[in-house]
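Residue numbers (the numbering used here), protein chains in the order written: chain A, 1 to 654; chain B, 1 to 150.
For reference, the structure discussed in these notes is given below.
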Amino acid sequence: MIAELGLAVLWMAAALAVLQLVAGVLALRPEGRQLAGLVRPVAVVQGALVAVAFAALVSLFLTTDLSVKLVAENSHSMKPFIFKLAGTWGNHEGSMLLWVTIMGVAGGFVALIEKRLPENTLIATLAGQAFVSLGFYAFLLLSSNPFERLAEPAPEGAGLNPLLQDIGLAFHPPTLYVGYVGLSIAFSFAIGALVTRDVGPAFARAMRPWVLGAWIFLTLGITAGSYWAYYTLGWGGWWFWDPVENASLMPWLAATALLHSCSVLASRNALKAWTVMLGVIAFSMSMVGTFLVRSGILTSVHAFAVDPERGSFILALLAVYIGGALTLFGLRASTVTEGARFSFVSREAALVLNNVMLCGILGIVLIGTLYPLLTEAMGVKVSVGPPYFNPVSAVFAIPMMLVMGVGPLLRWRQDSLEGKGAARITLPVGICALLSAAVLLGVVLFAHHIKLLPALGLAVAAGLAPASFLPLRGRNLRRTPLPTWGMVIGHFGIAVALFGMASESAFSTEKLAAMRPGDVQQVGPWTVKLDGIGPVAGPNWTALEATVAAGYESAAPVMLHPQARTFSNPPGNRTESALKTRWNGQLYAVLGEEGDDGRWQMRFWWKPFVPMIWYGGALIALGGLLALLGRVAADIRRLVATDKIAYRRMKQGR
Amino acid sequence: MSAIKAKHQRLVLLVIALLALIGAGLLAAYALKNQAAYFYVPNDLVANPPEQGRAIRLGGMVEKGSIKKAADGVTVHFIVGDGKARIPVRFTGITPDLFVEGSGVVAEGRMEGQTFVADNLLAKHDEKYVPREMKDMTAAQAKQVVAETK
Chain A
1 MIAELGLAVL
11 WMAAALAVLQ
21 LVAGVLALRP
31 EGRQLAGLVR
41 PVAVVQGALV
51 AVAFAALVSL
61 FLTTDLSVKL
71 VAENSHSMKP
81 FIFKLAGTWG
91 NHEGSMLLWV
101 TIMGVAGGFV
111 ALIEKRLPEN
121 TLIATLAGQA
131 FVSLGFYAFL
141 LLSSNPFERL
151 AEPAPEGAGL
161 NPLLQDIGLA
171 FHPPTLYVGY
181 VGLSIAFSFA
191 IGALVTRDVG
201 PAFARAMRPW
211 VLGAWIFLTL
221 GITAGSYWAY
231 YTLGWGGWWF
241 WDPVENASLM
251 PWLAATALLH
261 SCSVLASRNA
271 LKAWTVMLGV
281 IAFSMSMVGT
291 FLVRSGILTS
301 VHAFAVDPER
311 GSFILALLAV
321 YIGGALTLFG
331 LRASTVTEGA
341 RFSFVSREAA
351 LVLNNVMLCG
361 ILGIVLIGTL
371 YPLLTEAMGV
381 KVSVGPPYFN
391 PVSAVFAIPM
401 MLVMGVGPLL
411 RWRQDSLEGK
421 GAARITLPVG
431 ICALLSAAVL
441 LGVVLFAHHI
451 KLLPALGLAV
461 AAGLAPASFL
471 PLRGRNLRRT
481 PLPTWGMVIG
491 HFGIAVALFG
501 MASESAFSTE
511 KLAAMRPGDV
521 QQVGPWTVKL
531 DGIGPVAGPN
541 WTALEATVAA
551 GYESAAPVML
561 HPQARTFSNP
571 PGNRTESALK
581 TRWNGQLYAV
591 LGEEGDDGRW
601 QMRFWWKPFV
611 PMIWYGGALI
621 ALGGLLALLG
631 RVAADIRRLV
641 ATDKIAYRRM
651 KQGR
Chain B
1 MSAIKAKHQR
11 LVLLVIALLA
21 LIGAGLLAAY
31 ALKNQAAYFY
41 VPNDLVANPP
51 EQGRAIRLGG
61 MVEKGSIKKA
71 ADGVTVHFIV
81 GDGKARIPVR
91 FTGITPDLFV
101 EGSGVVAEGR
111 MEGQTFVADN
121 LLAKHDEKYV
131 PREMKDMTAA
141 QAKQVVAETK
């Protein structure tokens, strides 16, 4: 019953999306003006209906209704509650339903609260949102119906891939999806603005909170995903340049560029066409990412729930949306008015450089991700990994981070690095640059085993960390606006994450050994002793668990318990690494298999400062959150003020 | 420095963006040529050996009875075959759970002499997942391999 209800509600939501599109398009013409009032309510109801459909699927998974095909194929009655819940989106159909749900709810939310945009632009935006949603509704309803029933209910479900039975699944995909799909709002705003040719500061101010919101979720999703891969795969790496990871990084790069160009457009009415273009690109990258993930067209460590035939459907959607949006952009871009001017030494110029560099990195990642597909079409199979991505993206990332130290100090429109500018900018930045140079020199002189990239990373991080706080110099900290705090903390987060990355690759030590209980090994400053190995059992798995006593230098040892888990439904194995975090790094232990001679394979890493990568990611997201709060608070104050003025005028009878 | 005309400014921005993108493209093309890891099956590896030390990927079936553990307990030697050629492989590390004899594997690494030294082994993640490079082979060549090892 719930399955049928869910399907019916999903069809109704799709029908409303058609209505939203048609009414929106008609309302933009003079003869259809009376339909204008229809668009907002329809968008809200559409969002509510699709949320109900998603809730229906969640309840099917929670009750493990085995007469539903999707549940039978992906769930199991013995699974813990949290994985029954997360199993809803741990598969193809469920994740696509989550996708349209977020799109619908976000669209409804915009319709409900967005008051700053000119009404026509908003209507065009909502029509655009409906147009994009429709493609995904069609995809769901025609080729991946999540509510399909089985002729005979299955006796038991097939269960969830053990690799996915992790708390990470409950948070990582939904967070990332909110980010991906949140960018659809930016895309629709861009389409709306192109249709009405109304690109200006008001448009940027209206779009910015949505972009910020999506960007915060993307940042958190990528950070969480990186940590998840780090501890579940048991390979000790935190980023593999895997197509699925790249698929989440590309929209983030585009959204980061969009965020910065939005601030130029909002403050200075410049970079108009460019901002619109980035709005289109950011969501296009989300769709490309989904295509790569969902079609299984690329080999990936994450490749679960893949289906090559569906790839062609998403490919067609991609062609329609990206092609259509770019065509519209090509037709309209030249009619978007010229932006305000600025000089080469100005905040705008620094932000342009940031944008160009981010787009460069985006291009590098995109080409590297798609290259295996291109060569495969010519019959050559290749894979592209860190030896390509790391140095080539650094060529763009390092200049960008250098400018990041200076850019926030520059004034809008025109500034000077001499005269008054010398004390304000050149001197403090120079000190930070000296710090970087000192670190680099130190590495070259005393630690030449460190490779070039980590050395540069350490140096840049050392200069960028203090430089990111310079915008607060000479300010009253209590009166500093929240968005400025957000920028400072976000930039500092970049320095922290960079330090973690560079440190991980410069200072990690690894020890791989076959050990008998009682054996002792040295891993960096740690002394590790294998105490014993014994069986343990969880709700739906059994495991062999090693007990490892690890002592840091001369401190008392702590116990670590790495496991090798065996799952029964579906059958599968997973290593469960054990981590011990100190302020200055993390000890990582993995249990391998037993040899014929009774020795156990053990692998240890000591990774100095590696948690900084994820603390940095969290700081970046926190910076975004502060900026968002500041913007929203300012908008509310402005709304209250306009209401007051209107009220006074009314009272005075004007 | 004075602000330039708005029209020119747009042109300058466009040129900068284009230059950066073209630069990125050229850099990517150059780096890909040198850094992309080509995929080989054992037969290709024998027919067209890559230069020593270049990062490549080798895919094939782990030959029955070929997995041997070295005395250090963490290094394995095995033979990857595709029915036509056989390549000895050395790997130091913890093997993936689904790394077993008679099953498919993709190894990342390089040729050192006549031995393929693997940094990483990708075996099937679960019953549903097969490395994509292996799909063609498991259909056509796996049967052959099985027939020959019987």
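We treat Cβ as the ideally placed atom computed from N, Cα and C, and that holds for glycine.
Given the structure is predicted, the values throughout are model-derived calculations rather than measurements.
(request) Determine the chain B residues that contact Pro387 of chain A at a beta-carbon separation under 7 Å, and present them in chain order. (result) Within chain B, the residues near Pro387 of chain A are Gln35, Ala55.
(request) Could you list which residues in chain B have their beta carbon closer than 9 Å to that of Ala693 of chain A, in chain order? (result) Missing from the structure shown is residue 693 of chain A; chain A here goes from 1 to 654 and no further.
(message) I want to verify the contact list: residues of chain B whose CB lies under 9 Å from the CB of Ile398 of chain A, in sequence order.
(response) Chain B residues near Ile398 of chain A: none, gap ~13 Å exceeds 9 Å.
(message) With distance defined between alpha-carbon atoms, name the residue in A:Ala138, A:Gly87, A:Leu7 nearest to Leu56 of chain A.
(response) A small correction: the amino acid at residue 56 of chain A is Ala; Leu does not occupy that position in the sequence shown. The shortest CA-to-CA distance from Ala56 of chain A to any of A:Ala138, A:Gly87, A:Leu7 is the one to A:Leu7.
(request) Rounded to whole angstroms, what's the CA-CA distance from Ala495 of chain A to Tyr38 of chain B? Just pull it up for me. (result) 35 Å
(request) Determine the burial state of Asp643 of chain A: buried for a count of at least 16 other Cβ atoms within 10 Å of its Cβ, exposed for fewer. (result) exposed
(request) Would you identify the three-state DSSP class for Lys644 of chain A, choosing helix, strand or coil? (result) Lys644 of chain A falls in the helix class under three-state DSSP.
(message) Using a Cβ-Cβ cutoff of less than 6 Å, which residues in the same chain neighbour Ile82 of chain A once the five nearest sequence positions on both sides are dropped?
(response) Ala170
(message) For a test of the three-state rule: what should DSSP assign to Trp600 of chain A, helix, strand or coil?
(response) strand
(message) Tell me which residue opens and which closes the alpha helix (DSSP H) that Phe109 of chain A is part of.
(response) 92 to 113
(request) Please name the residue in B:Met111, B:Leu121, B:Asn34 whose C-alpha comes closest to that of Asn48 of chain B. (result) Just measuring C-alpha positions, the residue of B:Met111, B:Leu121, B:Asn34 sitting nearest Asn48 of chain B is B:Met111.
(message) Below 7 Å on C-beta distance, what does Arg599 of chain A contact in chain B?
(response) Neighbourhood of Arg599 of chain A in chain B, by CB distance below 7 Å: Gly73, in chain order.
(message) Based on DSSP bridge pairs, tell me the residues matched to Gln586 of chain A.
(response) A:Thr581, A:Lys607
(message) Helix, strand or coil for Met404 of chain A? Go by DSSP, reduced to three states.
(response) The answer is helix: DSSP assigns Met404 of chain A an H, G or I state.
(message) What are the residues in the region 6 to 27 of chain B lying within 8 Å of chain A by C-beta distance?
(response) Flagged, chain order: Ala6, Lys7, Gln9, Arg10, Leu13, Ile16, Ala17, Ala20, Leu21, Gly23, Ala24, Gly25, Leu27.
(message) Please state the DSSP three-state secondary structure of Pro372 of chain A.
(response) helix
(message) Run through chain A and tell me which residues come within less than 8 Å of Asp119 of chain B, C-beta to C-beta.
(response) Per Cβ cutoff of 8 Å: no residues; Asp119 of chain B is ~10 Å from chain A at best.
(message) Quick check on Phe39 of chain B: does DSSP put it in helix, strand or coil?
(response) strand
(request) Anything in chain B within Cβ reach of Val590 of chain A, meaning under 8 Å, just list it in chain order. (result) Ile94
(message) I want to see whether chain A comes within less than 9 Å of Glu51 of chain B, judged by CB atoms only; does it?
(response) Not an interface residue.
(request) Would you list, in sequence order, the uninterrupted alpha helix (DSSP H) runs of no fewer than 4 residues that lie entirely inside the region 32 to 115 of chain B? (result) 42 to 47
(request) Please state if the CB of Leu19 of chain A and the CB of Val42 of chain A are separated by a distance shorter than 9 Å. (result) yes
(request) Identify the continuous beta strand (DSSP E) that holds Asn573 of chain A and give its terminal residues. (result) From DSSP, the beta strand (DSSP E) with Asn573 of chain A extends over 572 to 576.
(request) Go to Gly532 of chain A, then tell me how far its alpha helix (DSSP H) extends in each direction, as first and last residue. (result) That residue, Gly532 of chain A, is in no alpha helix (DSSP H); its beta strand (DSSP E) goes 526 to 537.
(message) At 4 residues or longer, what runs of the alpha helix (DSSP H) sit wholly inside the region 400 to 483 of chain A?
(response) 427 to 446, 452 to 467
(request) Find the residues of chain B that neighbour Tyr371 of chain A, judging by a C-beta separation of less than 7 Å, and give them in chain order. (result) Near Tyr371 of chain A (Cβ distances below 7 Å), the residues of chain B are Leu32, Ala36.
(request) Using beta-carbon positions only, say whether Gly104 of chain A and Phe61 of chain A come within less than 9 Å of one another. (result) Pairing Gly104 of chain A with Phe61 of chain A gives a Cβ-Cβ distance that is not under 9 Å.
(request) Put Arg323 of chain A into one of helix, strand or coil per three-state DSSP. (result) For the record, residue 323 of chain A in the displayed sequence is Gly; it is not Arg. Correct three-state label for Gly323 of chain A: helix.
(message) With a threshold of 6 Å on Cβ separation, who are the neighbours of Gln521 of chain A within its own chain once the five nearest residues in sequence on each side are excluded?
(response) Lys511, Ala513, Val528
(message) Could you check whether the region 536 to 549 of chain A touches the region 625 to 633 of chain A, counting it as contact only if at least three pairs of C-beta atoms, one from each stretch, sit closer than 8 Å?
(response) no
(request) Answer with yes or no whether the minimum CB distance from Leu587 of chain A to chain B is below 9 Å. (result) Not an interface residue.
(request) Would you grab the beta carbon distance between Gly236 of chain A and Trp605 of chain A for me? Rounded to a whole angstrom, and I think it's under 8 Å. (result) Confirmed, about 5 Å.
(request) Apply the 10 Å Cβ neighbour rule to Leu278 of chain A and answer buried if 16 or more other Cβ atoms are within range, or exposed otherwise. (result) buried
(message) Quick check: the Cα distance between Gly595 of chain A and Ala555 of chain A, rounded to an integer number of angstroms?
(response) About 32 Å.
(message) Let me see if you follow: with CB-CB separation under 9 Å, is Ala29 of chain B close to chain E or not?
(response) The structure shown contains no chain E; the protein chains it does contain are A and B.
(request) Mind the definition here: the region 416 to 432 of chain A touches the region 371 to 380 of chain A only if three or more C-beta pairs lie below 8 Å; say whether that holds. (result) no
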